[in-house]
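**Q** My questions will all concern the structure given below.
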Amino acid sequence: MSTLHVLSHSPFGDERLTSCLRLLGTTDALLLCGDATYALQAGTAPFEALNARRVKLFVLAEDAEARAVHVPDWAEAVDYPAFVELSIHHDKVNTWL
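Written out as C-alpha cells, the structure is:
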C-alpha cells in the first residue's frame with residue numbers, strides 16, 4: 534500500500550520533514566508544496582537529507598517558482614492536475630499538518 538506524503542511547512546521551523554523521511558516506505562512518494570519547497574535550497578541540511586534518501590520526490594512547480602527555488606534533476610516539478618493524479622495513484626494521502 535503506497536502513500537503520498539504532502540509537506541507544506543518550511544523544513545527550517547520544525548521536524549516534519551525529518552519525521553516524514555523516517556516513515557517513507559519504498560512505494561511511497563513525497564510532494565513538497567508551499568514553504569516546504571525551501572527544502573530544495575542547495576547546501577542546506579534538508580536538501581542534503583532529500584538528496585541522500587533519493588525518495589520519489591515531487592514539487593509543486595508553482596510554489597517553487599514563487600519562491601525562486603530551483604528543482605534539482607532528482608525531483609519532478611508538477612502542476613495541480615499532476616498533484617491530483619498523484620493523489621489518485623497512491624492508496625493513501627498523508628498531509629503533514
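Just so we're on the same page, my numbering is the position in the sequence shown counted from 1, plus 533. Every residue, glycine too, gets a C-beta built ideally from N, C-alpha and C.
Quick one: what's got a C-beta closer than 7 Å to phenylalanine 616's C-beta in the same chain, skipping five residues either side?
**A** Leu564, Leu593
**Q** Whole-angstrom Cβ separation of valine 588 and leucine 557, contact assumed at under 8 Å?
**A** 6 Å
**Q** Can you tell me which of the three DSSP states threonine 633 falls into?
**A** Outside the displayed span of the chain (534 to 630) sits residue 633, for which this structure offers no information.
**Q** Three-state secondary structure (DSSP) at glutamate 609?
**A** strand
**Q** Which residue's Cα is closest to the Cα of methionine 534: Thr628, His623, Leu540, Ser552?
**A** His623
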